[in-house]
Each structure stands twice: as structure tokens, then as C-alpha cells.
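Reviewing the structure listed below.
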Amino acid sequence: MVSLSEITSEADRFGAELATRLSAEDENRFQGMPSDGDSRAGYGAMGDAGWIGLHWPEEFGGRGLDPLLTVAAEERFGYHWLPLSSYLLSVKTIGNAMLDHAPAELQERLLPEIAAGRLVFCQGFSEPEAGSDLAALRTTARRDGDRFVVSGQKIWTSSAQVADWIYLAVRTDPEAARPHRGVSVLVAEMDSPGIEVRGIEVVGGGVLNEVFLEEVSVPAAQLVGEENGGWRVLMSTLDHERVTSEKIGIVLRVLEDIEAALAGGDGASLELRRLRGEAQAARLLGRRAVRLISEGRPAAAAAAMAKLSMSTLAKRTADAGTRLLGPRALVESGPVSIGEGRLAGVTRSTAGSSIAGGASEIQKRVIARQGLGCAA
Amino acid sequence: MRGVSIVAESTTDEAAQFAATVAALAARHEQPDPWTPGAAASDANGALDEALREAGWDELARDGDLLPLAAPAGSALGRAFAPLAPVDALLGGALKAGRLARYATPGAVTAEPRSGAILDGIAKEATAVPYTDALGVASVRVSGERRLAAEEADRRMAAWVAASTGYIAGLSEEALRLAVEHARSRRAFGGPLSALEPVQQMLADAATLVDGLTVLTADAPGMDALAHAGDAAERAVTICMQVTGALGFTMEFPLQRAYRRSRSTRSWNDAVLAAWDL
């Protein structure tokens with residue numbers, strides 16, 4: 001049995017060492033938050049060192065550990081500012097969802113490659129006219145024998161510029177009585193003919209992407225879950241995505257940066273205590289959600305609370321840093337900056353953290369309706 | 001969704017058992033709130049204090065192994081809107097912050113956390129002051145102050161911090177319960193209040209804050225957790241007040257007690273933490 005403290009110190013050693021190795025990589029220089037940063041080298045190193053799929057079965061390249069140990073390690077990866085976008089999409093979100101919902105053949109083909117750090121996924125959910133209202137998605141997948149033909153457009157797709165595969169929410173039955181009944185999930189190779197990617201620069205640093213799909217042929221064997229039963233798969237995928245444990249580490253790191261820069265300033269200790277306490281609460285809400293997910297119990301409201309508490313905390317941390325440190329807070333790099341620019345970066349990035357992965361207003365709707373019994 | 005274990009089961013069981021005892025005693029010895037606007041009131045409840053002592057309450061501050069029981073026990077008191085005097089007893093006397101002390105009467109022992117220590121004293125004078133909460137707040141003059149041994153001070157402080165955090169969590173849980181119950185039963189615009197999107201959004205915010213305190217209570221909360229708890233409870237209870245409309249503003253509906261107590265505990269706890277860190 002590996003203990004929580006053992007995995008934490010192992011993850012610390014690995015994270016510190018990899019962060020030093022990657023610091024030479026200029027591409028992530030002004031990427032505001034590690035959760036948005038991408039590095040194939042970093043992702044590969046995580047796979048090589050056995051950090052991908054800690055709780056996955058050994059047959060898929062995992063280590064069969066408790067999922068709570070996985071989120072503890074992810075927290076430390078955030079703390080050490082590792083570029084994590086590929087990991088969060090391929091492992092934490094899509095990999096975990098495929099473990100629950102993909103057919104055995106697909107699991108055997110893809111999960112070991114992910115665990116090895118060789119295969120990067122991106123996630124094609126949002127569309128130009130379907131974001132928070134995901135059930136309005138229009139990208140169609142027409143059944144044609146033993147394949148689907150997919151046409152449409154995805155947007156705000158993180159990591160599409162580096163991804164090998166895409167996890168797609170598509171409409172397979174345009175005639176379904178209710179829009180979410182006609183939805184399915186497919187996985188497709190990004191070098192399939194008919195897929196084109198275009199980058200959109202964002203204030204956090206780096207890019208999000210548009211993904212254009214034109215008559216893309218996808219084998220029917222690459223269906224995840226039931227045909228037209230994709231809504232359940234999507235919701236379960238979002239439960240995984242919404243436990244943003246890496247952001248606990250990010251916030252704790254920035255709080256240390258702020259504290260170091262203040263060197264015992266007046267009245268700051270209470271504010272820093274408050275934020276550290278809020279981080280503890282967010283961490284525990286995340287662990288509760290992970291526990292529920294792993295036990296196969298309803299987890300949507302718990303996961304939404306984890307997500308909401310975390311994005312609120314990230315914003316409040318950035319706000320406190322600016323309030324306590326003044327203009328210095330926004331210096332992006334160099335000796336005057338706070339934590340080598342981490343505070344400035346987080347200040348930029350947190351504008352998106354209450355939107356990405358489901359807007360806070362959607363989290364609240366889920367909490368009210370599924371957690372508090374408020375009628376629709 | 002509530003009550004999902006994240007700590008060792010044995011501790012959880014023992015803590016839950018003791019918390020259930022505390023809840024039962026708080027219910028058995030419940031008294032009406034003596035507070036009215038502008039009054040100098042105290043909800044001190046000798047019968048409850050005595051019953052808690054008999055149940056082993058004081059051990060929480062003496063035996064470090066019992067620390068995991070303090071927050072769930074505090075939570076049981078908070079949920080009942082019970083007096084805070086038993087929580088302060090863990091500190092060793094009437095909690096003093098600057099010139100004010102709560103539950104202070106002439107001749108009482110006072111305890112003031114300051115600069116990482118606890119100063120014990122005797123209230124030579126204690127003049128009750130009108131206060132927004134029935135905490136028996138008095139303006140005190142203290143004599144014979146002495147610094148508690150560090151080990152004992154740390155143990156008492158840890159128990160007080162955990163119980164205070166739990167108290168705030170329990171108080172917030174009850175406030176949320178009242179607000180959700182109101183929203184689900186009160187009808188407006190042809191349906192329950194809880195069907196209205198703005199109401200759902202507000203309640204979800206409150207519930208996330210309150211659940212955060214609930215999970216902290218099960219995890220032996222320390223000073224950082226307490227600092228957050230005051231702030232979170234204040235935000236959550238404010239939302240609950242808004243959701244219950246004019247009803248929440250009345251003296252007869254219990255939510256106003258949570259409103260006042262969330263304010264008062266926050267101000268006291270922040271003062272204690274700031275003084276401790278000086």
C-alpha cells in the first residue's frame with residue numbers, strides 16, 4: 001500500500017525535477033496557469049516515470065492505486081507548475097471516462113498508450129452555437145455501415161494543436177424527441193482526412209482552437225458508450241473534468257509567492273490564512289467528489305461544487321495578491337515579479353477558469369437541481 | 001451527498017457518536033434566545049454546561065487524541081444555535097479580545113490568545129455591554145494575568161479552534177437548511193421559489209460554501225480553516241437571508257440568529273487569529 005504522504009513526496013521530487021528540466025522550454029513562458037500549458041516532452045516524461053494512470057488497472061499501464069492518491073499527485077504537479085493541459089485532457093478527463101465507458105478493444109488500444117505518455121487527446125465538446133447549452137450541439141455523425149461520417153465544427157478546444165486523437169460529442173439522431181437523446185461520443189485520430197485545426201490566441205497565454213470536421217470517416221468501433229446514449233457519457237466525463245485538483249497546488253504555490261513577497265506585511269496573515277483555509281475546503285470537496293465517482297455514486301453536484309469552489313478560490317487568490325502587493329503583482333517576469341511571474345499569469349488565467357470546463361453558472365444549476373432538490 | 005467519509009472510519013465513528021450526544025444534550029436543554037435589539041444579553045446555559053461536562057466535554061481540551069472530536073461536537077452546538085460558552089470553556093475561561101470578553105462576569109477567569117500564547121487572568125470588573133449577539137459580552141478589567149505553559153496553550157487553542165470552526169459549520173448548515181426548505185415550499189410566479197434560476201444560483205453558492213465547511217469539520221480543522229470558516233459563513237448566511245426575503249428579517253424566524261451569530265463569531269475569531277499571529 002502506497003500512502004498519501006509517500007505519493008505526495010514522490011510527486012514533489014518528480015515535479016521539482018521535471019519543472020527544472022522544462023524551464024528551458026520557451027513555449028510555456030507566458031502561459032498563465034500550468035493547467036493550460038502544453039509540453040509533449042513534459043507529458044512524455046510523466047508517462048515514462050509512471051505518473052499517468054496511478055489508479056488505472058495495471059493491464060492498461062496504471063498502478064492500481066486509490067484515486068485519492070491520483071488527485072494528491074495532481075495537486076503537486078500544479079504546485080510545481082508543470083504544463084498539464086495534455087495530461088488533464090488525456091488522462092484525468094478522457095482517459096478516466098474511457099475507463100468507465102469505452103469498449104474493451106478501444107481501452108486496450110488507447111489507454112496503455114496514454115499511460116505511456118505517448119498519446120494526447122483533445123476534447124471536442126463546445127461549438128460556435130453550443131457552449132453551456134451543450135445539448136444544442138450540431139456536429140453530426142451519420143452512420144454509414146461500419147463507420148460514421150462526421151461533419152461540423154468545434155471551438156475552444158484546448159491542446160488540439162498537439163493532440164493525436166479527439167474525443168467528440170456528436171449528434172447521431174437529429175430526429176430525437178429531446179436534443180440530448182440523439183447524442184453520441186466518438187473518438188477519432190486527428191490526422192484523419194477532413195480535420196483542420198486553427199488556433200485562437202487567448203489572454204491566459206497560448207491558444208485555444210477551432211476544429212473543423214468535414215466528412216471525417218470514423219470507424220463505428222470507435223464509439224464510446226451506446227449510440228444515442230452519449231449524454232450519460234458526456235456528463236460522467238464532465239464529473240471527472242470538474243475535480244480540478246491541480247489548481248489547489250497552483251493556488252498554494254501562489255500563496256507562498258505572495259507571502260514571500262510580503263515578508264510579514266500588516267494584516268496580511270489573516271487574509272493568507274483565509275485563502276489557505278479556503279484551499280483546504282476546496283481540496284476536501286474535490287476528494288469527496290472523487291470518492292463518489294470511484295464508488296459509482298451520483299457525483300454531479302459534488303463535482304460541480306469542487307469545480308465552483310476551486311475557480312472561486314483561484315480568482316480570490318489573484319485578487320488578494322493584487323490588493324496586497326499593488327502594481328508589482330502584475331509584473332510578468334524578472335526579479336521584481338512575484339513568483340517569477342506566477343501571480344501575474346494566474347491573474348490573467350483566472351478570467352477563464354470560471355468558464356472553461358463548464359461556466360460557474362452551469363455548476364450552480366447542477367448543484368441546485370441535483371444536490372439541493374430545487375425543481376427545474 | 002453529505003457525510004461522505006474522508007477520514008479514518010474509527011475516528012469518524014467516535015466523533016459522530018460524541019457529536020450525537022452533544023446534539024441530544026443541546027436539544028434537551030434548549031432555551032429561548034434572550035436577545036432583543038439593543039440588549040445586553042447572554043445565552044449562557046448552566047444546565048447545558050453541566051450536562052456537557054458530565055459527558056466529558058472538558059476532555060477535548062486536555063487530551064490531544066480527542067482533537068478530531070472537537071469540530072463535529074462544535075458543529076452539533078452550532079446546528080442547535082446553542083451558546084458558545086462551552087466552546088470558550090475549552091480555552092480555559094471567558095474569551096478576551098482587547099477590552100471585551102464574552103460570557104464574562106466579575107471574578108470570572110478570562111483567557112486571551114495573543115502572540116502565540118494564552119494569557120489567563122481574573123476579570124476584576126466586567127460591565128455588560130449591549131451587543132448584537134447574546135454572547136454575554138462585557139467590557140472587562142483583568143488582573144493577575146499569567147502566561148499559560150506553551151504546551152497547554154497549544155492544546156487548548158487547537159481544541160477551541162476546531163470546535164469554533166465546527167460551530168460555524170453547524171450554524172451555516174442549519175441556515176442553509178432553513179433557506180432551502182423555504183425556497184422549496186414558498187410559491188411565487190406559479191411555482192416554488194426554488195424553481196427560479198436566480199434563487200437556484202444563490203442557493204448553490206451558499207451550499208458550496210457550507211459543504212466546504214462540512215468537509216473541513218471532518219478533517220480536524222486548524223487556524224487556516226477557522227479563518228476561512230468565518231468568511232464563508234458570513235457569505236453563505238447573507239445569501240440565505242436574501243432567499244428567505246422579509247421572513248428571514250423577522251425576530252420570530254430563526255435565521256436572524258444565524259445572521260447575527262455568523263457576524264459576531266467572524267469578528268471575534270478574526271480578532272483572535274490576528275492577535276495570535278502578532
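Note that the protein sequences, when read in sequence, are chains A and B. According to my numbering, the first sequence is numbered sequentially starting from 1. According to my numbering, the second sequence is numbered sequentially starting from 1. All residues carry an ideal CB built from backbone N, CA and C; glycine is no exception. This one's a predicted model, so the numbers in the text were calculated from it and none came from an experiment.
- Listed by position along chain B, the residues whose Cβ is nearer than 7 Å to that of K364 of chain A are Q200, Q201, A204 and D205.
- Counting along the chain, I362 of chain A sits inside the alpha helix (DSSP H) bounded by residues S360 to V366.
- Identification of residues in the region 302-319 of chain A having a C-beta nearer than 7 Å to some C-beta of chain B yields A302, M305, L308 and S309, given in sequence order.
- The three-state reading of DSSP puts T237 of chain A in helix, counting H, G and I together.
- In this structure, the CA atom of L4 of chain A is about 6 Å from the CA atom of L69 of chain A.
- With respect to R316 of chain A, L275 of chain A sits close: the two C-beta atoms are nearer than 8 Å.
- DSSP, reduced to helix, strand and coil, places S151 of chain A within a strand of the structure shown.
- Taking 8 Å as the Cβ-Cβ cut-off, the region 157-187 of chain B approaches chain A at V180, A183 and R184, given in chain order.
- Between R323 of chain A and chain B, the shortest Cβ-Cβ separation is not below 8 Å.
- The Cβ-Cβ distance between R266 of chain B and D133 of chain B does not fall below 8 Å.
- Annotation: the region 78-159 of chain B contains the following complete segments of the alpha helix (DSSP H) (minimum length 4 residues), in chain order: 85-89.
- From the beta-carbon of Q280 of chain A, the residues of chain B found nearer than 7 Å are L216, D224 and A225.
- Nearest C-alpha to I118 of chain B among B:A158, B:E197, B:T208 and B:A108: B:A158.
- In this structure, the straight-line span from the alpha carbon of S35 of chain A to that of C240 of chain B is close to 34 Å.
- By the C-beta criterion, the region 226-242 of chain B is judged not to be in contact with the region 332-350 of chain A, since fewer than 3 inter-stretch pairs fall below 8 Å.
- Cα atoms of A27 of chain B and V183 of chain A: separation of roughly 52 Å, rounded to the nearest angstrom.
- Excluding five sequence positions before and after A16 of chain B, the CB atoms of its chain that fall closer than 8 Å to its own CB belong to P72, given in chain order.
- Among the residues of chain B, those whose CB is under 7 Å from the CB of I367 of chain A are A204, A207 and T208, following chain order.
- Contiguous beta strand (DSSP E) elements confined to the region 83-154 of chain A occur at 121-124 and 140-144, taking only those with 3 or more residues.
- Nearest to L65 of chain A by C-alpha distance, out of A:E6, A:L89 and A:Q123, is A:E6.
- The residues P67, L68, V71 and V243, in chain order, have a CB closer than 7 Å to that of V290 of chain A in the same chain once the five nearest residues on each side in sequence are set aside.
- Residue pairing of E210 of chain A in beta bridges, as defined by DSSP: A:I155 and A:R198.
- For A71 of chain B, not one C-beta of chain A is nearer than 8 Å to its own C-beta.
- Ranked by Cα distance from K96 of chain B, the options B:G74, B:A169 and B:I122 are led by B:I122.
- Excluding five sequence positions before and after E234 of chain B, the CB atoms of its chain that fall closer than 7 Å to its own CB belong to S262, R263 and R266, given in chain order.
- The alpha carbon of D146 of chain A has as its nearest neighbour, out of A:M1, A:Q222 and A:G205, the alpha carbon of A:Q222.
- Using a Cβ-Cβ distance cut-off of 8 Å, the region 165-182 of chain B and the region 124-141 of chain B are not in contact, since fewer than three pairs of beta carbons, one from each stretch, lie closer than that value.
- At the C-beta level, D257 of chain A and R342 of chain A come within 8 Å of one another.
- In the three-state reduction of the DSSP assignment, V199 of chain B falls in the helix class.
- The Cβ of S115 of chain B sits no closer than 8 Å to any Cβ of chain A.
- Beyond the five residues adjoining it in sequence on each side, A80 of chain B comes within less than 6 Å, by CB distance, of A26 in the same chain, given in chain order.
- Put simply, the CB of A19 of chain B is far from chain A, with every gap to its CB atoms at 8 Å or more.
- Neighbours of E361 of chain A in chain B, taken as residues whose beta carbon is under 7 Å from its own, are Q201 in chain order.
- Assigned with DSSP and collapsed to three states, S42 of chain B falls in strand.
- The C-beta of F189 of chain B has fewer than 16 other C-beta atoms within 10 Å across all chains shown, which makes the residue exposed.
- Using a Cβ-Cβ cut-off of 8 Å, D13 of chain B does not count as an interface residue toward chain A, since no Cβ of chain A sits closer than that to its own.
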